[in-house]
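For reference, each letter of the sequence shown is one residue, going 14 to 70 in our numbering.
For each residue, glycine too, the CB sits at the ideal point set by N, CA and C.
Computed from a predicted structure; not experimentally measured.
Here is the structure we will look at.
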Amino acid sequence: MRHFRKHGRRRPYLVKKAMRKANVVPAVIPGGCTSKLQPLDVSVNKPFKVILTLRII
Numbered sequence: 014m015r016h017f018r019k020h021g022r023r024r025p026y027l028v029k030k031a032m033r034k035a036n037v038v039p040a041v042i043p044g045g046c047t048s049k050l051q052p053l054d055v056s057v058n059k060p061f062k063v064i065l066t067l068r069i070i
């Protein structure tokens with residue numbers, strides 16, 4: 014949430030409040046853990062983005 018601070022003091026509070034209202038639980042994913050914690054990013058999204066990029070270029 015630190016990156017929201019430059020946009021005003023109330024912004025982090027409002028973002029956190031909206032997240033609680035929507036039952037969203039923020040999580041920090043440590044570097045190097047994507048393959049364990051986000052399997053779709055590794056197995057589906059990454060190859061899809063590579064194929065899409067190759068077709069556009």
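DSSP, reduced to helix, strand and coil, places I42 outside both helices and strands of the structure shown, so it counts as coil.
According to the DSSP assignment, S56 belongs to no alpha helix (DSSP H), since it is labelled neither H nor E. Relative to the Cα of V41, the nearest Cα in the group L50, K34, A35, R33 belongs to L50. In this structure P39 touches M32 by the C-beta definition: roughly 6 Å separates them, less than 8 Å.
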